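A short worksheet on the structure shown next.
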């Protein structure tokens, strides 16, 4: 069993903040050798609303997918990236935030307690948009690595937010779905006015996970 320690930022405002992403991006672009950066699917693409399939083959293709996810996440300066964001319908995500980094295959998570955090969150598939979102503050995630070995990740604050955000992606859920009605309305208006939005029909989907426990 591999366990990565939890990360703590000391403030309830530590969502996927602009500052965190800019700092990560500066680090990511220091070495561009042997990277496999892929285009990220944007809001409106049906793949982002399609639940991903369980991984059953821990093979070379899975290792390639993990590398693609990692390189793309680092190049974009993201805190995490899920396979559907690259158009791949498998339950895999990478993360690099709050001093912790790695990947999870077929992840599940549960909340450690009933503490919550309300803070800024964004998404590489919804560029330039950041909105306050309610999440569980302390979680434990379980899954496997690319070699089929069991992994446990304990996370608080930003890392916990990242785990919940990326697991939602694997269920076709976006952080917009977590916003209250008024904030979601403002977010949708901003998206429709964004240069990158292609005019597709936005949808809202209910997460299968409760605030205090994953599948």
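In the numbering used here, the protein residues as written are 4 to 218.
All C-beta atoms, glycine included, are put in the ideal place defined by N, C-alpha and C.
None of the values given here were measured: they were computed from a predicted structure.
- In this chain, residue 164 is not harboured by any beta strand (DSSP E); it is covered by the alpha helix (DSSP H) spanning 161-173.
- By the 16-neighbour rule on beta-carbons within 10 angstroms, residue 56 is exposed.
- Residue 89 and residue 118 have their C-alpha atoms some 32 Å from each other.
- Between the region 90-98 and the region 44-60, the count of Cβ pairs shorter than 8 Å is three or higher; the stretches touch.
- DSSP, read as helix, strand or coil, puts residue 121 in strand.
- DSSP lists no beta-bridge partner residue for residue 126.
- In the structure shown, residue 112 adopts extended strand secondary structure according to DSSP, grouped into three states.
- The three-state secondary structure of residue 39, taken from DSSP, is coil.
- The C-alpha of residue 79 is placed about 11 Å away from the C-alpha of residue 72.
- Contact check for residue 195 against residue 163 fails: the beta carbons are separated by 8 Å or more.
- Contact annotation: residue 149 and residue 46 have beta-carbon atoms that are not nearer than 8 Å.
- In the DSSP assignment, residue 142 falls within the beta strand (DSSP E) that extends over 141-147.
- Here residue 112 has 142, 143, 144, 166, 167, 170, 217 as same chain residues with Cβ atoms under 7 Å from its own Cβ, once five neighbours each way along the sequence are excluded.
- Taking 8 Å as the cut-off, the Cβ atoms of residue 154 and residue 107 count as close.
- Across the structure, residue 128 and residue 103 are spaced so that their CA atoms are roughly 22 Å apart.
- DSSP places residue 193 within a helical segment (H, G or I) once states are collapsed to three.
- In the displayed model, residue 64 falls within a helix according to three-state DSSP.
- Between residue 157 and residue 200, the alpha-carbon positions lie close to 35 Å from each other.
- DSSP places residue 95 inside the beta strand (DSSP E), whose first and last residues are 95-100.
- Taking the CA atoms as reference points, residue 132 sits about 11 Å from residue 189.
- Per DSSP, the unbroken beta strand (DSSP E) holding residue 83 starts and ends at 83-85.
- Taking the CA atoms as reference points, residue 126 sits about 13 Å from residue 182.
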